[in-house]
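Read through the structure below, which is laid out as structure tokens, and then see the notes.
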Amino acid sequence: MKTTFDFLKDIYEVTYFSDKNTKQNIYSSFINEIFGYLNHQILKPMNPFIENELRLHVMTHVHGTKTILNQPVDTYMIKLQNLQFLTSFIDTKNRAENYLSETFYDLTAVALHDWHNNGVMRTLAKYKLNLETIDDKLPNHTLEQGLDVLEIMRNLNLFISKYSYNLSNQIFIENYSTSKHLNTINIKHISNSIRIHGTGIMSTTVNTTYQLLCGKLNVLSKYLYDERVKSKLKKEITFLHEIQKTNNMLYPFERAEKLNSSMRKLTLNTNQNYIDQFRILVTHIGNALGYVRLIKSGGLNFCSIASSFIPDLKKVMQFEESCNDSGFTKNCLISGHHLDNVVRNICQNIAEGTNYFKLLIDVFIQAMGNSNNSHLHNFYIIIPSLTLNFIEHSINSKEKMYKKSKGAMFTDDGFAVGVAYLLRILGLNNEFDSLKWFQSVSENYEEKLNVLKTQEINALKDDAKLQQPLSLSYTRLQVYYKVKYKYLLFYLRQILSSLLFSGVHAVIL
């Protein structure tokens with residue numbers, strides 16, 4: 001390039017024999033023509049080539065495929081501090097740095113979820129091409145961030161009331177939104193928040209959940225202490241003991257329906273009846289525990305990603321000791337000490353972690369065993385009525401999805417988690433098992449399905465018009481029994497069995 005400029009300079013020297021005006025005009029047009037060609041043919045295409053090489057390098061690392069550029073980048077021009085032509089100077093390195101800085105800022109501002117790839121490209125530009133780009137100063141958040149953990153923690157009571165929990169996928173879904181989209185919170189969102197705020201936010205979240213559970217259990221105690229409710233539950237317990245003496249160990253399905261109907265007649269200060277409010281309370285308790293589970297899983301996800309940079313988790317290098325042996329300065333020793341603490345914290349979270357569920361169980365078991373809380377031991381007898389109410393609510397909510405009306409939802413597993421947790425802290429697992437409730441449900445629905453099937457067969461012979469309503473009734477009963485009740489039974493058994501053991505995180509987390 002320098003030789004080319006020297007050759008062009010010789011051409012310009014011919015104008016020395018011209019007059020002053022002609023010389024100025026020729027100089028101006030000559031400079032514009034040369035710079036225009038240089039900018040259009042060399043400098044302007046060079047910057048996108050640099051960006052493409054960096055981007056393809058990142059994509060090659062992600063997808064594991066080798067990509068070959070059609071036109072290589074002239075790194076010699078980039079490394080030149082400036083090019084001189086006559087009395088003008090061109091800093092090619094600075095032009096490339098300005099272009100990349102502007103491009104990285106625009107791409108990060110438009111697509112925040114891609115900030116990490118842009119940061120990798122920025123680092124590659126520095127170490128591969130010696131290009132110093134300007135930091136865009138944008139926050140390191142992503143579109144996968146979702147709601148921030150701190151924001152949820154400050155409004156945890158509002159969060160568990162406005163979001164529904166899905167146990168199998170570990171995701172929270174917003175119940176209702178004025179926009180066309182519903183917000184969701186999953187493990188990836190929590191992991192991104194923990195990356196920003198640190199793992200210490202996990203313990204703080206559990207403490208906030210504990211305070212929330214204290215308030216919810218206090219409300220539960222007031223509900224069960226109500227004389228109107230206590231008398232009905234005592235009556236059901238007396239009836240259960242009487243039928244068990246006659247070797248009939250199943251709690252009748254009809255009694256649960258009757259109790260559900262009578263509890264609907266009890267109203268509170270709000271517009272909803274007693275049994276609906278009770279179901280919502282149990283669901284909120286389950287949602288709070290589901291959020292703790294989500295925090296734990298997000299923390300494990302974050303630690304697993306962070307630990308990928310540690311060569312051997314069993315033999316971790318002590319940086320502070322190494323710095324001391326090498327005779328480094330005091331600041332290096334302090335930095336090594338902090339790094340050792342970070343690595344140790346990551347290794348502990350990966351190896352053991354904290355069993356948050358066990359903590360939230362043990363802290364309430366002693367308090368619930370107090371004689372002043374004896375009325376809480378009637379909780380198990382109301383579970384059959386609660387399950388009936390929950391199944392009706394669940395099906396109605398799913399039907400609202402097709403009508404696009406308010407209150408539609410397709411998952412609400414917080415109820416199952418809440419029931420299992422309350423049975424565990426109240427020590428009522430054996431009492432609930434004595435009801436044999438789900439066996440009673442199975443026998444009741446099997447009998448109804450057989451009757452409808454027989455009626456449908458007879459309708460084919462006698463009156464074909466009755467076939468369609470009978471078929472619809474049969475299908476609806478199948479939805480109630482084979483889909484909803486079996487689904488609820490599966491989750492209750494899974495959660496109850498895991499909560500009985502200290503290794504609850506093996507199944508729940």
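In the UniProt record's numbering, the protein residues as written are 1 to 509.
C-beta atoms are modelled at their ideal positions from N, C-alpha and C, and glycine is treated no differently.
Small disclaimer: the values here were computed from a predicted structure and weren't measured.
{"query": "Three or more C-beta pairs under 8 Å: does that hold for the segment 238-255 against the segment 407-418?", "result": "no"}
{"query": "Give the straight-line distance between the Cα atoms of A125 and L54, rounded to the nearest whole angstrom.", "result": "7 Å"}
{"query": "In the DSSP output, which residue or residues are listed as bridge partners for E174?", "result": "Y163"}
{"query": "Locate the alpha helix (DSSP H) running through G299, then write down its first and last residues.", "result": "274-306"}
{"query": "Under a three-way DSSP split, which group does I134 fall into?", "result": "coil"}
{"query": "Using only alpha-carbon positions, find the residue among A109, I187, N117 that is nearest to M59.", "result": "N117"}
{"query": "Whole alpha helix (DSSP H) runs in the segment 182-215 with 4 or more residues, listed along the chain?", "result": "187-197"}
{"query": "Please identify the residue among H57, I50, T92 whose C-alpha is closest to the C-alpha of N39.", "result": "T92"}
{"query": "Considering only C-alpha positions, which residue in the set N373, L388, Y356, F379 is nearest to V441?", "result": "L388"}
{"query": "Give me the Cα-Cα distance between Y165 and E320, rounded to the nearest whole angstrom.", "result": "44 Å"}
{"query": "So, with DSSP's three-state summary, where would you put F89?", "result": "strand"}
{"query": "Could you tell me which residues DSSP puts in a beta bridge with T267?", "result": "N273"}
{"query": "Between which two residues does the alpha helix (DSSP H) containing D155 stretch?", "result": "Residue identity differs from the one stated: residue 155 is Asn in this sequence, not Asp. Segment: none, N155 is in no alpha helix (DSSP H) and carries neither H nor E."}
{"query": "Nearest by alpha-carbon distance to L428: which of Y402, E97, Y380 is it?", "result": "Y380"}
{"query": "Measure the Cβ-Cβ separation of Y127 and T209 and say whether it is below 8 Å.", "result": "no"}
{"query": "In or out: Y225 buried (at least 16 other Cβ within 10 Å) or exposed?", "result": "exposed"}
{"query": "Excluding the 5 residues flanking K232 on each side, which residues of the same chain have their C-beta closer than 8 Å to its C-beta?", "result": "L259, S262, M263"}
{"query": "Answer with buried or exposed for A383, where buried requires no fewer than 16 other C-beta atoms within 10 angstroms of its C-beta.", "result": "Ala is not the amino acid found at residue 383; the sequence shown has Ile there. Buried: at least 16 other Cβ atoms inside 10 Å."}
{"query": "Secondary structure at L147, three-state DSSP: helix, strand or coil?", "result": "coil"}
{"query": "Where do the N-terminal and C-terminal ends of the alpha helix (DSSP H) with Q244 fall, by residue?", "result": "227-245"}
{"query": "Where does S502 fall in DSSP's three states?", "result": "With a pLDDT of 40 at S502, under the threshold of 50, the modelled position of this residue cannot be trusted; read the value that follows with caution. Looking at S502 - three-state DSSP - the assignment turns out to be coil, as it is neither helix nor strand."}
{"query": "Where do the ends of the alpha helix (DSSP H) carrying M121 lie?", "result": "115-129"}
{"query": "Look at the alpha carbon of S308 and the alpha carbon of H189, and state the distance between them as a whole number of angstroms.", "result": "19 Å"}
{"query": "Is residue 551 helix, strand or coil by DSSP?", "result": "Absent from the structure is residue 551, since the part of the chain shown begins at 1 and ends at 509."}
{"query": "Anyone know if the C-beta pair for G286 and G418 falls short of 8 Å?", "result": "yes"}
{"query": "Going straight from the alpha carbon of N218 to that of L376, what length do you get?", "result": "11 Å"}
{"query": "How far does the alpha helix (DSSP H) with K358 in it reach, from first residue to last?", "result": "356-368"}
{"query": "Consult DSSP for L250 and reduce its assignment to one of helix, strand or coil.", "result": "coil"}
{"query": "Within the continuous alpha helix (DSSP H) that includes K398, where are the two ends?", "result": "379-403"}
{"query": "Classify V363 as buried or exposed, calling it buried when 16 or more other Cβ atoms lie within 10 Å of its own Cβ.", "result": "exposed"}
{"query": "Tell me which same chain residues have a C-beta within less than 7 Å of the C-beta of N157, skipping the five on either side of it?", "result": "L212"}
{"query": "Assign L428 to one of three DSSP states: helix, strand, or coil.", "result": "coil"}
{"query": "What's the C-alpha gap between L150 and F159?", "result": "12 Å"}
{"query": "Nearest by alpha-carbon distance to residue 514: which of V342, W437, D106 is it?", "result": "A question about residue 514 goes unanswered here, because the residues of the chain that appear run from 1 up to 509."}
{"query": "Is it right to say Q277 is buried, meaning 16 or more other beta carbons lie within 10 angstroms of its own, or is it exposed?", "result": "buried"}
{"query": "Please tell me whether S177 and N186 are closer than 8 Å, where the distance is taken between their beta carbons.", "result": "no"}
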